[in-house]
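Trainee: What follows is a structure written as structure tokens; I'll ask about it next.
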Amino acid sequence: MRIGAMIGGDTASDVVGRARDLEKRGFDSVWVGAFLGHGLEALTAMTLIAQETERIELGTAVVPIHFQHPAALADQAVSIQQAAGGRFTLGIGLSHPFIVEDWLGMAYAKGAAKMSDYLSIMRPLLNGATADFTGDHYSAHVGIHLANARRVPLLSAALGPQMLKLAGELTDGTVTYMTGLRTLENHIVPRIRSAAEAAGNPPPRIVAGGIPMALVSDVDAARTAIQEQHGGYGDVSTYSRMLEMEGAAKVADIAVVGDETVLRNFLDRLEAIGVTDLMASLAAVDDGAVERTTDFLAAQL
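In our numbering, the protein residues as written are 103 to 403.
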């Protein structure tokens with residue numbers, strides 16, 4: 103199993119510096135989320151990081167599809183891939199109703215149908231072919247012509263049955279968030295694998311993220327801090343369903359906090375159930391927690 107980490111920050115120097123540090127420590131990948139209005143914009147961050155790193159994989163987790171037309175996003179992704187020398191992976195997702203409807207005034211309904219159209223356009227474009235597709239929500243009849251263009255791997259944030267089916271059929275895999283071990287094992291992994299196999303695709307990449315992690319001695323204090331920092335995710339319908347499926351009453355219940363044995367057992371379990379990548383969410387539960395947890399993960403590489 104490959105190990106990466108989610109990063110973010112308000113300045114280019116912060117984000118690029120963190121990515122360079124993770125590369126130096128041997129991490130396999132670095133991921134940036136697209137949180138509209140919060141932190142450095144994800145695709146801009148990818149381009150900047152690409153120029154300042156040499157080996158580490160770069161990924162978005164994830165860019166909401168409502169922000170731009172699929173052909174425009176594909177065009178941008180192919181350009182980033184050129185800058186990254188083939189190290190870039192594009193993760194996309196539906197986002198959430200409160201962002202799409204309340205913040206942007208757009209329609210969120212029929213998300214799976216919109217994603218199906220979106221992927222049907224993006225898949226050929228990211229693979230160097232022409233998109234010739236007319237859908238109910240998106241259409242495109244265009245190719246991308248760029249010197250030294252490389253294929254861009256595509257992941258889709260998929261948690262529900264319909265989205266997992268689409269991810270297995272039309273993408274290289276999925277990125278999960280706020281999804282615990284039981285739900286990964288019994289829901290995410292078997293559904294996307296089945297869909298990929300039925301479509302004749304290779305086994306999918308499964309990137310597990312959004313599970314707060316911290317190497318600590320005071321477990322209770324860490325869980326309290328995590329609930330204070332991340333508890334709001336439990337009010338988002340998509341994630342609340344994942345927590346319910348996990349049998350967790352709140353976000354802190356799925357957090358991985360404790361000593362090295364606890365964290366190592368978590369990594370072993372992820373790998374055993376078929377997760378291909380960890381996108382670590384390093385929880386700042388005290389002044390040294392992020393650094394300690396980063397050191398621990400680096401030692402596993």
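Ideal Cβ placement from N, Cα and C applies to all residues, glycine included.
According to DSSP, simplified to helix, strand and coil, what is P166?
Mentor: Residue state, collapsed to three classes: strand.
Trainee: Can the beta-carbon of P255 be found closer than 9 Å to that of D274?
Mentor: Contact flag set, yes.
Trainee: Where does Q159 sit, in a helix, a strand or coil, going by DSSP?
Mentor: Reading off the sequence shown, one finds Glu at residue 159, where the question assumed Gln. DSSP places E159 in strand when its eight states are reduced to three.
Trainee: Beta strand (DSSP E) containing I290: first to last residue?
Mentor: Neither: I290 is in no beta strand (DSSP E) and is coded neither H nor E.
Trainee: Determine contact between the region 299-307 and the region 327-346, defined as no fewer than three beta-carbon pairs at a distance below 8 Å.
Mentor: No contact exists between the region 299-307 and the region 327-346.
Trainee: I'd like to know whether the C-beta atoms of A350 and G282 end up nearer to each other than 9 Å.
Mentor: Against a cut-off of 9 Å, the Cβ pair of G282 and A350 comes out as a contact.
Trainee: Can you tell me where the alpha helix (DSSP H) with R371 in it begins and where it stops?
Mentor: Where R371 is concerned, the enclosing alpha helix (DSSP H) stretches over 362-375.
Trainee: In terms of residues, what are the limits of the alpha helix (DSSP H) holding M108?
Mentor: Note, M108: premise wrong, no alpha helix (DSSP H); beta strand (DSSP E) at 104-109.
Trainee: Kindly identify the DSSP beta-bridge partner or partners of L380.
Mentor: In DSSP, L380 forms a bridge with I105, A310.
Trainee: State the DSSP-derived secondary structure class of V321, mapped to helix, strand or coil.
Mentor: Helix, per DSSP.
Trainee: Between the C-alpha atoms of L221 and I167, what's the straight-line distance to the nearest angstrom?
Mentor: Each residue's Cα considered, the two are about 10 Å apart.
Trainee: Looking at the unbroken beta strand (DSSP E) that takes in Y279, where does it start and where does it end?
Mentor: Run containing Y279: 275-279, per the beta strand (DSSP E) assignment.
Trainee: Got a sec? Which residues, its chain only, sit under 8 Å from G128 by beta carbon, not counting five neighbours each side?
Mentor: The residues are A400, L403.
Trainee: Please identify the residue among D389, D204, M148, Y279 whose C-alpha is closest to the C-alpha of Q183.
Mentor: Out of D389, D204, M148, Y279, M148 has the C-alpha closest to the C-alpha of Q183.
Trainee: List the DSSP bridge partners of I151.
Mentor: Answer is none; I151 lacks a bridge partner.
Trainee: Should the region 307-317 be regarded as contacting the region 352-370, the criterion being three or more beta carbon pairs within less than 8 Å?
Mentor: The region 307-317 vs the region 352-370: in contact.
Trainee: Can you check which of these residues, E154, H289, I194, is closest to V117 by C-alpha distance?
Mentor: Considering only alpha carbons, the answer is E154.
Trainee: Using DSSP with H/G/I as helix, E/B as strand and the rest coil, what is T404?
Mentor: Residue 404 lies beyond the range of the chain shown here (103 to 403); nothing can be said about it.
Trainee: Under 9 Å, do L196 and M217 count as touching if we go by C-beta distance?
Mentor: Against a cut-off of 9 Å, the Cβ pair of M217 and L196 comes out as a contact.
Trainee: Can the beta-carbon of Y210 be found less than 9 Å from the beta-carbon of M280?
Mentor: Not closer than 9 Å, so no.
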